[in-house]
Amino acid sequence: DVKVTQSSRYLVKRTGEKVFLECVQDMDHENMFWYRQDPGLGLRLIYFSYDVKMKEKGDIPEGYSVSREKKERFSLILESASTNQTSMYLCASSYWLGGNEQFFGPGTRLTVL
Amino acid sequence: AQKITQTQPGMFVQEKEAVTLDCTYDTSDQSYGLFWYKQPSSGEMIFLIYQGSYDEQNATEGRYSLNFQKARKSANLVISASQLGDSAMYFCAMREGLAGNQFYFGTGTSLTVIP
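This is the structure in structure tokens:
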């Protein structure tokens with residue numbers, strides 16, 4: 001079974017703090033993704049990575065950065081957290097070839113006070 | 114323009130009845146894939162069903178089927194014999210190209226199954 005794990009299920013941070021969200025997958029997937037999910041807006045792509053050290057901006061990259069030093073691990077970084085980054089963050093991974101679905105982690109609900 | 118459109122924010126269905134969740138998509142690619150995911154209140158996204166653009170038959174997985182109408186660019190999810198456990202958010206998604214890296218998601222439909 002594919003497993004995607006995220007470092008925290010719930011996280012509370014203060015405005016201005018640097019926040020790290022970690023994601024690990026165990027199926028040797030090439031692609032990894034970070035989304036944020038807000039009510040009524042669905043899932044919006046923040047960043048994705050198709051290989052180690054490679055990254056591409058998604059639809060809403062502002063205020064975020066990412067790191068992929070190893071194939072199985074993809075980190076999302078909020079350099080200076082703001083209240084408008086309070087959201088559910090979902091990590092996903094997939095094989096590079098089309099026709100393969102994304103596998104999702106359980107999500108991290110981040111609250112920035 | 115939105116790549117994936119789900120026009121039903123909320124739906125209700127009686128237990129044991131069938132329900133159709135609508136999804137339309139927008140792409141100029143000939144090769145693409147369409148996906149449906151279920152998100153229960155626990156938050157985890159669960160893959161349900163996949164349809165490739167070249168697949169001639171509609172995809173089916175147990176009680177789930179995908180009504181694929183290529184000319185209309187629609188990929189509706191049909192759930193037969195609804196169960197209380199089907200109450201959840203449902204998301205339609207598309208992946209463009211044979212090896213497209215980006216998935217596009219709709220805004221979701223909240224389904225409530227009434228006993």
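Residue numbers (our numbering), protein chains in the order written: chain Z, 1 to 113; chain H, 114 to 228.
Glycine is no exception: its CB is placed at the ideal position from the N, C-alpha and C atoms.
Would you mind reading off the limits of the beta strand (DSSP E) that contains W34 (chain Z)? Judged by DSSP secondary structure, W34 (chain Z) falls within the beta strand (DSSP E) whose first and last residues are N31 to D38.
Helix, strand or coil at L41 (chain Z) according to DSSP, with G and I counted as helix: Taken through DSSP and simplified to helix, strand or coil, L41 (chain Z) comes out as coil.
Please compile the residues from chain Z whose C-beta is within a distance smaller than 9 Å of the C-beta of G175 (chain H). Residues of chain Z passing the Cβ test: none, with the nearest at roughly 16 Å.
For Y10 (chain Z), I'd like the list of residues in its chain whose CB is within less than 6 Å of its CB, leaving aside the five on either flank, ordered along the chain. Taken in chain order, the residues that qualify are R109.
Return yes when the Cβ of I162 (chain H) is within less than 9 Å of the Cβ of L272 (chain H), no when it is not. Any question about residue 272 (chain H) goes unanswered here, given that chain H covers just 114 to 228.
For F114 (chain Z), would you say it is in contact with chain H, using Cβ-to-Cβ distances shorter than 9 Å as the test? Outside the displayed range of chain Z (1 to 113) lies residue 114 (chain Z), so it cannot be described from this structure.
Spell out whether any CB of chain Z is found under 9 Å from the CB atom of G156 (chain H). yes
Within the continuous beta strand (DSSP E) that includes W149 (chain H), where are the two ends? Y145 to Q152
G219 (chain H): which of Z:P39, Z:K18 and Z:V52 sits nearest, CA to CA? Z:P39
Identify each residue in the region 63-82 of chain Z for which the Cβ-Cβ distance to at least one residue of chain H is less than 9 Å, and report them in chain order. none
List the DSSP bridge partners of R109 (chain Z). Z:Y10 and Z:M88
State yes or no: is the C-beta of Q119 (chain H) within less than 9 Å of the C-beta of L147 (chain H)? no
Just to confirm, is the Cβ distance from K129 (chain H) to Q196 (chain H) under 9 Å? yes
Using a C-beta cutoff of 9 Å, does E22 (chain Z) count as contacting chain H? no
Name, please, each residue of chain Z whose Cβ falls closer than 9 Å to the Cβ of F160 (chain H). E101, Q102, F103 and F104
Mind checking whether S94 (chain Z) and F216 (chain H) have CB atoms under 9 Å apart? yes
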